[in-house]
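Contents: one structure, followed by commentary.
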Amino acid sequence: MDSERRGGWVYIMADRYRGTLYVGVTADLASRIFQHKNTGGSDFCARYGLTRLVWAEYGEDITACIAHEKRLKRWQRAWKIDLVERANPEWTDLFA
Numbered sequence: 001m002d003s004e005r006r007g008g009w010v011y012i013m014a015d016r017y018r019g020t021l022y023v024g025v026t027a028d029l030a031s032r033i034f035q036h037k038n039t040g041g042s043d044f045c046a047r048y049g050l051t052r053l054v055w056a057e058y059g060e061d062i063t064a065c066i067a068h069e070k071r072l073k074r075w076q077r078a079w080k081i082d083l084v085e086r087a088n089p090e091w092t093d094l095f096a
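Per UniProt numbering: the sequence shown = residues 1 to 96.
Next comes the structure, spelled out in structure tokens:
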């Protein structure tokens with residue numbers, strides 16, 4: 001087991017205000033969002049044009065981040081929208 005644990009990011013991408021949502025996890029947020037914006041990210045984001053980072057949260061432990069991502073993916077859509085709007089009510093691209 002690696003004695004140096006790395007942190008990570010759980011994030012939500014969207015195509016527009018209250019549009020289609022994608023929940024992801026990564027150790028390198030800048031690189032991953034760049035991939036999504038240039039259609040090299042997930043097939044889902046590329047298919048639906050999800051290029052807007054609308055929510056992100058850093059965690060000290062990537063394993064915990066992966067678990068958090070899995071929980072968020074099971075959330076109801078309304079709960080995800082509420083999560084985004086508490087931090088980013090205008091749904092602005094946080095990576096613009």
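A virtual CB, placed ideally from N, CA and C, is assigned to each residue, including glycine.
| request: Note down the Cα distance separating T63 from R5, rounded to an integer number of angstroms. | output: Here the question's residue 63 lines up with position 63 in the sequence shown. Here the question's residue 5 lines up with position 5 in the sequence shown. T63 and R5: Cα-Cα distance of roughly 9 angstroms.
| Assigned exposure category for E69 - 16 Cβ within 10 Å defines buried | Start at 1 with the first residue of the sequence shown, and residue 69 comes out as number 69. Flag for E69 reads buried.
| said: According to DSSP, is Y48 part of a helix, a strand, or is it coil? | reply: As a working note, residue 48 is residue 48 in the sequence shown. Secondary structure at Y48: helix, using DSSP grouped into helix, strand and coil.
| CA-CA distance, N88 and T39? | Against the sequence shown, residue 88 aligns to sequence position 88. Against the sequence shown, residue 39 aligns to sequence position 39. So the two alpha carbons sit approximately 24 angstroms from each other.
| request: Assuming A14 contacts R74 (C-beta within less than 8 angstroms), just tell me the rounded distance between them. | output: Along the sequence shown, one-based indexing puts residue 14 at 14. Along the sequence shown, one-based indexing puts residue 74 at 74. Not really, about 18 angstroms apart at Cβ, beyond 8 angstroms.
| Secondary structure, alpha helix (DSSP H): runs of 4+ residues fully inside the UniProt domain "GIY-YIG" (6 to 82) | Restricted to the UniProt domain "GIY-YIG" (6 to 82), the alpha helix (DSSP H) segments that are unbroken, complete and at least 4 residues in length are 29 to 37, 43 to 48 and 62 to 74, listed in chain order.
| message | Given this structure, state the Cα-to-Cα distance separating A30 from R18, to the nearest angstrom. | response | Reading the sequence shown from its first residue, position 30 is the one you call residue 30. Reading the sequence shown from its first residue, position 18 is the one you call residue 18. Roughly 23 angstroms between the two C-alpha positions.
| request: Flag this pair as yes or no: are the beta carbons of I12 and W79 separated by less than 8 angstroms? | output: Walking along the sequence shown from the start, residue 12 turns up at place 12. Walking along the sequence shown from the start, residue 79 turns up at place 79. No. Outside cutoff.
| Own chain residues within Cβ distance below 6 angstroms of V10, not counting five before or after | Working through the sequence shown from its first residue, we reach residue 10 at position 10. Counting only Cβ-Cβ distances below 6 angstroms, and skipping sequence neighbours, we find V25, E57, C65, H68 and E69.
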